[in-house]
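Numbering (our numbering), first residue to last: 414 to 622.
Backbone N, C-alpha and C define an ideal beta-carbon position, used for all residues, glycine too.
Report on the following structure.
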Ligand code: TMP
């Protein structure tokens, strides 16, 4: 069986990290060889670009700077981690990928979606995730969940920003069949059960195809 590329997406407060754990546990139980990684990040240099992107600078960060930082990190991550793993037949579980760029920089920062699409095809060619689990949550619920956290430069954005981010994810979900939209406003255990079930179904499909 060849490698498969699984991504998880969602706003802050959607419970993404715990559910990445669930996907990984499910793959381990199924005896699948996989790596777990994240964006922005995944290589030492890409992690430095992540730190630069999330740092609360004393200067305004231009939306274009932010966009190019995430794609720079992605280029490095793809060539050093994701493509070699897939080529070796490993599965890749990635906490966020390019759908986040469309949601945060495209919809959140309102940058030109056509320019994002050009960068997407330049940096990743035809490569797309095989499945994307999107944890969808109302921004008001998400805000309550992260209220006590120490926040990075993205997390301090206002409600309007996160409303647009959610619209961006839902638009991508309508355009791409690989999306599974999961209602992350449900109780945590229900969300985890659904993530596990979707992962099991995906493994079955991969094994039979
Ligand atoms: P996370 O570790 O909570 O997922 O944080 C990563 C942050 O980076 C989150 O606020 C979303 C943001 N981000 C973008 O704005 N664009 C991107 O392309 C990616 C991958 C993440």
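| said: Could you give the first and the last residue of the continuous beta strand (DSSP E) run that contains residue 479? | reply: Element bounds for residue 479: not the beta strand (DSSP E) but the alpha helix (DSSP H), 476-490.
| request: Out of 436, 495, 422 and 528, point me to the one whose CA is closest to residue 613's CA. | output: For the residues 436, 495, 422 and 528, the minimum Cα distance to residue 613 belongs to 436.
| message | So, under 8 Å CB-CB, residue 426 and residue 556 are touching, yes? Tell me the CB distance rounded to an integer number of Å. | response | At roughly 7 Å, the Cβ-Cβ gap stays under 8 Å, so residue 426 and residue 556 are in contact.
| field | DSSP-derived helix/strand/coil call for residue 505 | value | If DSSP states are grouped into helix, strand and coil, residue 505 belongs with the strands.
| field | Cβ shell of residue 524 (< 8 Å), same chain only, five flanking positions each side left out | value | Excluding sequence neighbours, residue 524 sits near 476, 477, 480 and 518.
| field | DSSP three-state assignment for residue 599, whether helix, strand or coil | value | Per DSSP, reduced to three states, the secondary structure at residue 599 is coil, with no helix or strand assignment.
| message | Which same chain residues end up closer than 6 Å to residue 495 when comparing Cβ atoms and leaving out the 5 residues on each side of it in sequence? | response | 505.
| query | Near residue 526, what residues of its chain come up, given a Cβ to Cβ distance below 6 Å and the 5 sequence neighbours on each side ignored? | reply | Excluding residues up to 5 positions away in sequence, 519 lie with their Cβ nearer than 6 Å to the Cβ of residue 526 in the same chain.
| request: Could you tell me if residue 424 is buried or exposed, where buried requires 16 or more neighbouring beta carbons within 10 angstroms of its beta carbon? | output: The residue in question, residue 424, is buried, as its Cβ has 16 or more Cβ neighbours within 10 Å.
| Say the cut is 8 Å; is the CB of residue 567 nearer than that to a heavy atom of the ligand TMP? | True, at least one ligand heavy atom lies under 8 Å from that Cβ.
| What number of angstroms, rounded off, separates the C-alpha of residue 442 from the C-alpha of residue 609? | C-alpha separation (whole angstroms): 11 Å.
| Looking at the C-beta of residue 558, does it have a partner C-beta in chain B at a distance below 9 Å? | Structure shown: chain B not included; a single protein chain is present.
| said: Using DSSP's beta-bridge definition, name the partner residues of residue 447. | reply: Answer is 504.
| field | Distance CB(residue 543)-CB(residue 463) smaller than 9 Å | value | Note that the C-beta distance between residue 543 and residue 463 is not below 9 Å.
| said: For a test of the three-state rule: what should DSSP assign to residue 510, helix, strand or coil? | reply: In the structure shown, residue 510 sits in coil (DSSP, three-state: anything other than H, G, I, E or B).
| In angstroms, rounded to a whole number, what distance separates the CA positions of residue 433 and residue 473? | A direct Cα-to-Cα measurement between residue 433 and residue 473 gives close to 32 Å.
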